[in-house]
Amino acid sequence: MYDFNTLYEAHSVEEALKLKKEHPQALLLAGGSDILISIRHGKLAGCDLISIYGLDELRGICTEDDGSLLIRPLSSFTDITMHPLIKRHIPVLGDAVDQVGGPQVRNIGTIGGNICNGVTSADSASTLKAYDAILELTSLEGIRILPYAEFNLGPGKVDLHPGEILTGIRIPKESWESTYGQYIKYSMRRAMDIATLGCSVNVRLTEDKKRISRLRVAFGVAAPTPIRAFSAEKQAEGHLLDQELLNLVSEGSASDVMPRTSWRASKEFRLHLVKELSQRATIASIEKAGGKING
Numbered sequence: 092m093y094d095f096n097t098l099y100e101a102h103s104v105e106e107a108l109k110l111k112k113e114h115p116q117a118l119l120l121a122g123g124s125d126i127l128i129s130i131r132h133g134k135l136a137g138c139d140l141i142s143i144y145g146l147d148e149l150r151g152i153c154t155e156d157d158g159s160l161l162i163r164p165l166s167s168f169t170d171i172t173m174h175p176l177i178k179r180h181i182p183v184l185g186d187a188v189d190q191v192g193g194p195q196v197r198n199i200g201t202i203g204g205n206i207c208n209g210v211t212s213a214d215s216a217s218t219l220k221a222y223d224a225i226l227e228l229t230s231l232e233g234i235r236i237l238p239y240a241e242f243n244l245g246p247g248k249v250d251l252h253p254g255e256i257l258t259g260i261r262i263p264k265e266s267w268e269s270t271y272g273q274y275i276k277y278s279m280r281r282a283m284d285i286a287t288l289g290c291s292v293n294v295r296l297t298e299d300k301k302r303i304s305r306l307r308v309a310f311g312v313a314a315p316t317p318i319r320a321f322s323a324e325k326q327a328e329g330h331l332l333d334q335e336l337l338n339l340v341s342e343g344s345a346s347d348v349m350p351r352t353s354w355r356a357s358k359e360f361r362l363h364l365v366k367e368l369s370q371r372a373t374i375a376s377i378e379k380a381g382g383k384i385n386g
């Protein structure tokens, strides 16, 4: 049994926003793969819920006039993995969310819920950070646009104002065009486990395929929130595809992260993973882009 107080069902985004204003303490229920577990474990017992699961206007993926990819937040992990636009332009995002739980969880779990939970282990988070995702946050007062880079405020805390609902996730064309990426998840088990560390890299090479034009590196579980490795990115820009590049990415990433010790892994082991996975993901991304590490 699930111990909640009242379940309100919204039939439109506007109705959901009105319900949220009338019941500010109520929690939004999307796929429910996280929140229902918390209720069952007693952490959210007696709460009120506003279900937005039936809002098809918050589902789907499309290309906008400016070339941005728009992902609606109720798109399931399975929807994302299978969608032609994701496969064509940012398949690494599909690869990342395909590592969430099992098939049942991926069929109901939503990308919006995944990032709004604010947990550093969210498999979609590091890839969205690495692709400079932009969030569309809607309230009765209007729409607020926020870079995803500014959304995570702390462990489990996000910049979602009272009365706001996430209504869109955008990947600008300049972020996905001619880029190739790799997501690597290290976990204690190969299936249905939370990441001990996640690393997402994407690269854009120069026309001659000999240098880095742009590189992005992001991590999950390497800090209290999903984090970009800006030092590694800066040092890689314009660099030849050689072992020195990999060393710079590895050391730059290690200098940017703030891992901690938990029952899953020690701080030292996570730092080792940061260095190792950033190199592996960079090599894989470069090879997908048609380049090769020399030396």
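The opening position of the sequence shown corresponds to residue 92 in the working numbering, with each subsequent residue numbered one higher. Just so you know, even glycine gets a beta-carbon here, dropped at the ideal spot from N, CA and C.
Given that a residue counts as buried once 16 or more other Cβ atoms are within 10 Å of its Cβ, and exposed if not, what is residue i?
i	result
E155	exposed
W267	buried
P317	buried
H174	buried
G381	exposed
S278	buried
Q370	buried
Can you tell me which of the options puts its alpha carbon nearest to the alpha carbon of residue i?
i	options	result
P253	I260, L231, A240, P263	L231
I206	L219, S376, G272	L219
A313	A213, R305, E265	A213
L257	L119, A380, E113	L119
A187	E105, K109, W354, A221	A221
N293	K301, K300, L306	L306
A300	K264, K276, G329, Q334	In the sequence as displayed, the identity of residue 300 is Lys instead of Ala. That would be G329, whose Cα lies nearest to the Cα of K300.
R355	V348, D347, L364	L364
Where residue i and residue j are concerned, what is the direct C-alpha to C-alpha distance, given to the nearest angstrom?
i	j	result
S103	G158	27 Å
P238	L226	6 Å
G289	D125	19 Å
D147	I384	45 Å
R261	L362	31 Å
D250	G386	45 Å
I181	S129	32 Å
L296	L332	9 Å
S142	E298	49 Å
E255	A375	38 Å
S269	L336	20 Å
E367	E359	12 Å
D284	T211	14 Å
F168	Y274	15 Å
E241	G203	16 Å
L184	F321	20 Å
Run through DSSP, which three-state label would residue i get?
i	result
S327	Looking at the sequence shown, residue 327 is not Ser but Ala. The answer is helix: DSSP assigns A327 an H, G or I state.
Y144	coil
P194	helix
D299	coil
S215	coil
V308	strand
K383	coil
Y277	strand
P315	coil
G259	strand
I285	coil
G272	strand
G204	helix
F95	strand
D170	helix
G122	coil
Would you check if the distance between the CB atom of residue i and the CB atom of residue j is smaller than 7 Å?
i	j	result
G344	A323	It is worth fixing the name first, because residue 344 is Ser in this sequence and not Gly. Contact: yes.
A117	Y144	no
T172	D189	yes
L165	L149	yes
G259	L161	yes
N96	G151	no
A286	G311	yes
R302	A309	no
P246	P315	yes
L98	L135	no
K248	G209	yes
S400	S304	In the structure as shown, the chain begins at 92 and stops at 386. Residue 400 is therefore absent and cannot be evaluated.
Any beta carbon of chain C sitting closer than 7 Å to that of residue i?
i	result
V191	No chain C is present in this structure, which holds just one protein chain.
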